[in-house]
Amino acid sequence: MTQGLRRIGGCGLGIVLAIILIISLVAWSLSFLDKPSPFRQLSPVPEDLPPVGGAEVPNIDVEAPGRTADKLTWWSDQLADATSIPAQALRAYGNAELIARQSWPNCNLRWNTLAGIGWVETRHGTYNGNIFHRSSLDENGHPEPPIVGIPLDGTNNTTHVPDSDGGVFDGDTEFDRAVGPMQFIPSSWEHFGRDANGDGVADPNQIDDAALGAAALLCFGDRDLSTPEGWRSAILNYNQSEDYLRKVAAAANSYAIEQPATS
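To get my numbering, take the position in the sequence shown, counting from 1, and add 10.
This is the structure we're talking about:
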């Protein structure tokens, strides 16, 4: 009888230890999400403001029909592994830089600034608030599952923003919500939304369109992002937070030296 009880107790302890081990392994695995390999030696990140410019985007015909970002595939393939940015998101940022160069020639926007924003906002269309069911960009550049923020109803430190799109983009007919890879609210998208993938629709949930919409917002007011004042003004117009600005700058500078963002 005593032996039987001891066996049962031992088995119970084994199960508990196994559960603890599994939880520890899951926590350890999650700790590496969005982080570079622990075996890679990262270089010190520059603190330049504006950030150092990233790798030059090759000239393509951004006025051609269809999804022009796809013409940057070979360029994005070279950078994706080094930066840990999904190749499709990289192409969207590069495409947006080229379009901005034509549309707002005085802006001097670089793709890695857009990438810095994409990192902080949604980890380039992969973070939706659920670490166990992350999003990924589908073949058409839409996060799956969709990335939709909390209602902007004035609670939880949010601004009160009544619905402006009839729920078309965010599914909420009462309040606006931030949506998509670059986290636009529909009322802002109404002013800055652009079609960059050639389908005739400006969609904040599509990475090419979202990146170009972000470029339009950053360049608004004839800003020059090659100056510290212009860059600061642009980023704070996106999000009025000094902490946000520091994180975007750190990520953009990391991408400039072709390594992953880490904070």
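Positions of the beta carbon are idealized from the N, C-alpha and C atoms, including for glycine.
Here the structure is a predicted model, which means the values were calculated and not measured.
Asked: Segments assigned alpha helix (DSSP H), at least 4 residues, entirely inside the stretch 234-261; Found: 238-248
Asked: Spatial distance of Arg256 from Ala65 (CA atoms); Found: 21 Å
Asked: Counterpart residues of Val158 in DSSP-defined beta bridges; Found: Val189
Asked: Option in Tyr137, His201 and Thr132 with minimal Cα separation from Cys229; Found: His201
Asked: Ile157 beta carbon less than 8 Å from that of Gly190; Found: yes
Asked: Anticipated Cβ contact below 8 Å, Gly126 with His134, distance rounded; Found: Not confirmed; about 10 Å, so no contact.
Asked: Check whether Asn247 and Arg77 have beta carbons under 8 Å apart; Found: no
Asked: Check whether Ala102 and Ala79 have beta carbons under 8 Å apart; Found: yes
Asked: Which of helix, strand or coil DSSP assigns to Asp163; Found: strand
Asked: The stretch 237-247 touching the stretch 54-65, judged by at least three CB pairs closer than 8 Å; Found: yes
Asked: Beta-carbon proximity list for Phe42, same chain, < 7 Å, skipping 5 on both sides; Found: Below a pLDDT of 50, predicted positions are generally treated as unreliable, and Phe42, at 46, falls in that range; the measurement from the model is reported next regardless. Contacts found: none.
Asked: Whole-Å CB distance - Asn122 paired with Tyr254, under 8 Å assumed; Found: Actually they do not touch by this definition, with Cβ atoms about 16 Å apart.
Asked: Residue range of the unbroken alpha helix (DSSP H) whose run includes Val130; Found: Trp121 to Thr132
Asked: Length of the line joining the Cα atoms of Val211 and Leu100; Found: 21 Å
Asked: Cα-Cα separation between Phe142 and Asp180, rounded to whole angstroms; Found: 22 Å
Asked: Which of helix, strand or coil DSSP assigns to Ser94; Found: coil
Asked: Gln250 versus Gln88, Gln216, Ala221 and Thr169, residue with shortest Cα-Cα distance; Found: Thr169
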